[in-house]
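To start, the structure itself, in structure tokens.
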Ligand SMILES: [Zn+2]
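In the working numbering, the protein residues as written are 11 to 239.
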């Protein structure tokens with residue numbers, strides 16, 4: 011079920027103990043909306059042992075602070091919390107899933123950064139909300155997404171996005187205009203003072219992950235998750 015699971019100890023000097031858990035699911039579970047969603051979500055919550063808060067992602071820059079899991083998620087592309095034992099989930103199929111934590115302060119967040127989210131800088135909006143909750147020393151995991159060698163776009167779109175976020179400028183492996191959303195997100199996080207770990211994997215090339223460009227409208231969604239245990 012998981013392509014990656016990682017545990018980070020909270021800083022004992024700055025907190026009362028506990029851990030930050032980070033996970034990325036794989037294509038063995040489909041978290042797209044629809045009939046199977048409730049069952050998939052319940053299976054995921056059972057696997058990690060905590061309830062899961064999620065959002066209706068709309069390719070915007072809205073960030074919502076949550077304190078418990080809900081049957082109907084808010085409309086947002088970023089979620090933050092300081093609540094223990096509550097996982098935050100971001101769902102993707104080619105877009106960039108970002109999970110964030112300040113282990114010492116005990117604040118976590120997730121962001122959904124597709125092409126629009128990168129243009130709107132949703133990751134920095136998420137960082138700002140986490141700092142309002144007391145986060146200071148932030149670390150981000152940039153999860154599997156479609157890479158810049160695979161994500162072909164029209165030349166005008168590449169120019170438009172790269173004018174705002176220069177690090178996104180890319181060329182596909184077949185020599186046409188591309189966008190590197192992961193590089194754009196990493197640059198935005200670095201500018202916001204956040205340390206970045208890149209989780210390897212191109213969703214289009216690696217069938218361990220769901221991919222919209224590869225699988226079309228029926229593509230499933232995999233997830234990035236973070237929680238305080
Ligand atoms: Zn690729």
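Note that CB positions come from ideal geometry on N, CA and C, so glycine has one too.
Look at the alpha carbon of residue i and the alpha carbon of residue j, and state the distance between them as a whole number of angstroms.
{"i": "residue 197", "j": "residue 118", "result": "20 Å"}
{"i": "residue 42", "j": "residue 67", "result": "11 Å"}
{"i": "residue 178", "j": "residue 191", "result": "6 Å"}
{"i": "residue 13", "j": "residue 237", "result": "17 Å"}
{"i": "residue 195", "j": "residue 158", "result": "12 Å"}
{"i": "residue 45", "j": "residue 144", "result": "38 Å"}
{"i": "residue 106", "j": "residue 132", "result": "11 Å"}
{"i": "residue 201", "j": "residue 135", "result": "12 Å"}
{"i": "residue 169", "j": "residue 188", "result": "10 Å"}
What does residue i pair with, by DSSP beta-bridge criteria?
{"i": "residue 19", "result": "29"}
{"i": "residue 69", "result": "Looking at the DSSP assignment, residue 69 forms no beta bridge with any residue, so it has no partner."}
{"i": "residue 119", "result": "90 and 110"}
{"i": "residue 212", "result": "155"}
{"i": "residue 186", "result": "The partner list for residue 186 (beta bridge, DSSP) is empty, contrary to what the question assumes."}
{"i": "residue 101", "result": "233"}
{"i": "residue 14", "result": "34"}
{"i": "residue 261", "result": "Any property of residue 261 remains undetermined from this structure, which presents the chain solely from 11 to 239."}
{"i": "residue 62", "result": "97"}
{"i": "residue 143", "result": "Looking at the DSSP assignment, residue 143 forms no beta bridge with any residue, so it has no partner."}
{"i": "residue 85", "result": "66"}
Helix, strand or coil for residue i, going by three-state DSSP, please let me know.
{"i": "residue 134", "result": "helix"}
{"i": "residue 179", "result": "strand"}
{"i": "residue 166", "result": "helix"}
{"i": "residue 230", "result": "coil"}
{"i": "residue 191", "result": "helix"}
{"i": "residue 75", "result": "strand"}
{"i": "residue 41", "result": "coil"}
Review point. So does the region 106-121 actually touch the region 160-179, counting three or more Cβ pairs closer than 8 Å?
Key: Touching, no.
Review point. Touch check for the region 227-237 and the region 99-115: three-plus C-beta pairs under 8 Å?
Key: yes
**Study point:** the region 141-160 contacting the region 199-215, beta-carbon criterion three pairs below 8 Å
**Key:** yes
Practice item. Report yes or no: do three or more beta-carbon pairs, one from the region 84-93 and one from the region 43-50, lie closer than 8 Å? Key: no
Check your understanding: Should the region 36-44 be regarded as contacting the region 215-226, the criterion being three or more beta carbon pairs within less than 8 Å?
Key -> yes
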